[in-house]
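2 protein chains.
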Amino acid sequence: MNVSRPPRPQEFRTAARPSLRQEVAEAIKSYILDNRLKPGDPLPSEAELCTALGASRSSIREAVKTLAVLDIVEVRRGHGTYVGRLSLSALVEGLAFRGLLEPKDDFRILSELVEVRELIERGLAERILATLAPEDLDALDTLVDEMDQRGAHDGDGFAACDRSFHERLVRRLDNKLVAQLSLAFWDVYAIVAPHLEGISAEDEAGTIADHRAIVRAARAGDTEGFVRALRDHYAPVRRRLTEARATMETAQPAGTDTPST
Amino acid sequence: MNVSRPPRPQEFRTAARPSLRQEVAEAIKSYILDNRLKPGDPLPSEAELCTALGASRSSIREAVKTLAVLDIVEVRRGHGTYVGRLSLSALVEGLAFRGLLEPKDDFRILSELVEVRELIERGLAERILATLAPEDLDALDTLVDEMDQRGAHDGDGFAACDRSFHERLVRRLDNKLVAQLSLAFWDVYAIVAPHLEGISAEDEAGTIADHRAIVRAARAGDTEGFVRALRDHYAPVRRRLTEARATMETAQPAGTDTPST
DNA sequence: CGCCATTTGTACGTATGTATT
DNA sequence: CAATACATACGTACAAATGGC
């Protein structure tokens, strides 16, 4: 586990050479993989990494920070460095910034976001209904009740309940990835939406009614009703977004387009 | 645009203080947002950021590096720092590492990945068919022909054609996000799959036939046939994965579970 | 071609805050 | 409280890459 590359006189230009920082990052990843470490396991301290990899602290630190962004490692100051939880936090942060950056096109991003969430939940409707246990249904009902109580005076609590609701919906799925993605998109929406003007306030009463309809269909095992309820739930959100976007476009002729993957 | 926080004698412990690096990163993001910069626009040099933000170069650099991972900024050595393309590269890298990390559970991740891709393409089947122009259908045919020519002797070329095929499928969609996501998952699969043992080699002939069936259904505007073709295309991949996973599980009793978002 | 200014990359030293023991 | 270990932050110096002259 040593990088060691002092002698690099000329070396072919083709295939851009990776920076030391990148090599260090790769080395740390390899260390985790080779030692079969699990999230939470401790990693060598920065000083140890310096000697082990033959690089200075600066390079080590920068490499560790890049891995921390991806949640591949987690640093606790004064504590040490550990294997990260591999969450989708980077996706959330990246998408959130993208949403904030697109000047007049914010609404398109949000609209796409909501569309993906709906796509996921509708596409998995059957499996969601099959996996929901009675206790889950009860928990969903409880969450809706809680939303009802908080109502408009506790926006944060209302949002938290909404998030928990959708988390509960997909929690039992054997495909953990879609569950995480769905929630990640919810998080992005929650971050971006407050920064935008022109979005009419959320309709709490309507949202609560929608959620009740969703639970009702789920309890009845009615897949079609479930899908209908989801559509009814997301439709007004998308309508508001497209409306806001339309008014923006009349004021602002056009926007630039998006990058590729 | 100045952070300035020398006087911090006691300060309430609640709400863990953000590190300087994070403050700098936020400041850079704000700079981009406030100035309405677009991807490719130049950012101040590190030295300028030092004076502007009143932080040392080390902190500036670490902050810039974290933003570079998210593709919010792009650093060109000897050139300067620029606004990034906001791609999903971080998602790809993170998911790829997760796939490589899960010791015996690799196949679950891949299986979930393929499932999401299928979910997206099937859920958007109608809209895909509606948006595909004749030139797109021709291009798809050409890609399949190319795959046929390359066959087994050019694995990389074959894979590239496969990627282009699926990119072409979703390219016309108005929802650019799902298109990017779909391709990002393809990339993750391409990175992780080669590192795994026990996956029977790809069936080139079958893949080509599947793709031809997809194009045929698309050309005919046959949504149901299109969905069927997609299912037939992804089914063997998922079957191979679940098989490999099953054999792994018999040899290896159980595995740990996954983290949350 | 070499030279030079600009900019990022790497290295090292030092001081400070923080958590564990 | 002290000692220890660690991460955070700063400053400086030099190396390497890029582009223009």
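Sequence order for the protein chains is A and B.
Per my numbering, the very first residue in the first sequence carries number 124; after that it's consecutive.
Per my numbering, the very first residue in the second sequence carries number 124; after that it's consecutive.
Note that CB positions come from ideal geometry on N, CA and C, so glycine has one too.
The C-beta of Leu233 of chain A comes no closer than 7 Å to any C-beta of chain B.
Only exposed fits Gly201 of chain A, as fewer than 16 other CB atoms lie within 10 angstroms of its CB. In this structure, Tyr357 of chain B keeps its C-beta atom at 7 Å or more from the C-beta atom of Leu236 of chain B. With its beta carbon at least 7 Å from every one in chain A, Ile151 of chain B lies outside the interface. In the DSSP assignment, Gly203 of chain B falls within the beta strand (DSSP E) that extends over 203 to 206. The beta carbons of Arg144 of chain B and Ser182 of chain B sit about 5 Å from each other, so the pair counts as a contact at 8 Å. Across the segment 174 to 198 of chain A, CB contacts with chain B closer than 9 Å involve Ser181, Arg184, Glu185, Ala186, Lys188, Thr189, Leu190, Ala191, Val192, Leu193, Asp194, Ile195, in sequence order along the chain. Inclusion of Ser212 of chain A and Asp194 of chain A in the CB contact set at 7 Å is warranted, their separation being smaller than that value.
The beta carbon of Ala341 of chain B lies closer than 7 Å to those of Leu252, Leu255, Leu260, Phe349 in the same chain, with the five residues before and after it left out. According to the DSSP assignment, Arg199 of chain B belongs to the beta strand (DSSP E) that extends over 196 to 199. For Ala213 of chain B, at least one C-beta of chain A is nearer than 7 Å to its own C-beta. Shown here for Ala148 of chain A: same chain residues with a beta carbon closer than 7 Å to its own, the five before and five after excluded, namely Ala186, Thr189, Leu190 in chain order. The shortest CA-to-CA distance from Arg286 of chain A to any of A:Glu320, A:Leu306, A:Leu218, A:Thr265 is the one to A:Leu306. For Leu166 of chain B, the pairing in a beta bridge is given by DSSP as B:Thr204. With a threshold of 7 Å between beta carbons, Asn158 of chain A makes no contact with chain B. Ranked by Cα distance from Ser168 of chain A, the first of A:Pro162, A:Glu197, A:Lys161 is A:Glu197. Per the C-alpha coordinates, the member of A:Ala343, A:Ala170, A:Val360 positioned closest to Pro257 of chain A is A:Ala343. Remark: C-beta atoms of Phe281 of chain A and Arg291 of chain A do not approach each other more closely than 7 Å. If you look at Gly344 of chain B, you'll find it isn't in any alpha helix (DSSP H); DSSP assigns it neither H nor E. When A:Arg231, A:Ala170, A:Ala248 are compared, the shortest CA-CA separation from Arg362 of chain A is found for A:Arg231. A Cβ of chain A is located within less than 7 Å of the beta carbon of Leu242 of chain B. Sequence-distant Cβ neighbours of Thr365 of chain B in its own chain, meaning closer than 8 Å and more than five residues away, are Phe230, Ser234. Taking the Cβ atoms as the reference, Ile243 of chain A lies roughly 5 Å from Val301 of chain A, within the contact range of under 8 Å. DSSP places Gly177 of chain A in the coil class of the three-state scheme, outside both helix and strand. The alpha helix (DSSP H) runs lying completely inside the segment 211 to 253 of chain A and spanning 4 residues or more are 212 to 224, 229 to 246, given in chain order. Within chain B, the residues Leu193, Asp194, Ile195, Leu209, Leu211, Ala213, Leu214 have their CB atoms less than 8 Å from the CB of Gly217 of chain A, given in chain order.
Per DSSP, reduced to three states, the secondary structure at Glu185 of chain B is helical.
The beta carbon of His318 of chain A sits closer than 7 Å to the beta carbons of Leu223 from its chain, once the five residues preceding and following it are set aside; these are given in chain order. Residues of chain B whose Cβ lies closer than 7 Å to the Cβ of Leu223 of chain A are, in chain order, Leu156. Within chain B, the residues Gly246 have their CB atoms less than 9 Å from the CB of Arg245 of chain A, given in chain order. For Leu247 of chain B, the closest of B:Pro141, B:Glu146, B:Glu347, B:Asp355 by C-alpha to C-alpha distance is B:Glu347.
Residue range 278 to 294 is occupied by the alpha helix (DSSP H) that includes Ser287 of chain A. Not one beta carbon of chain B lies nearer than 7 Å to the beta carbon of Glu249 of chain A.
Residues of the same chain with a CB within less than 7 Å of the CB of Leu218 of chain B, apart from the 5 flanking positions on each side, are Val311 in chain order.
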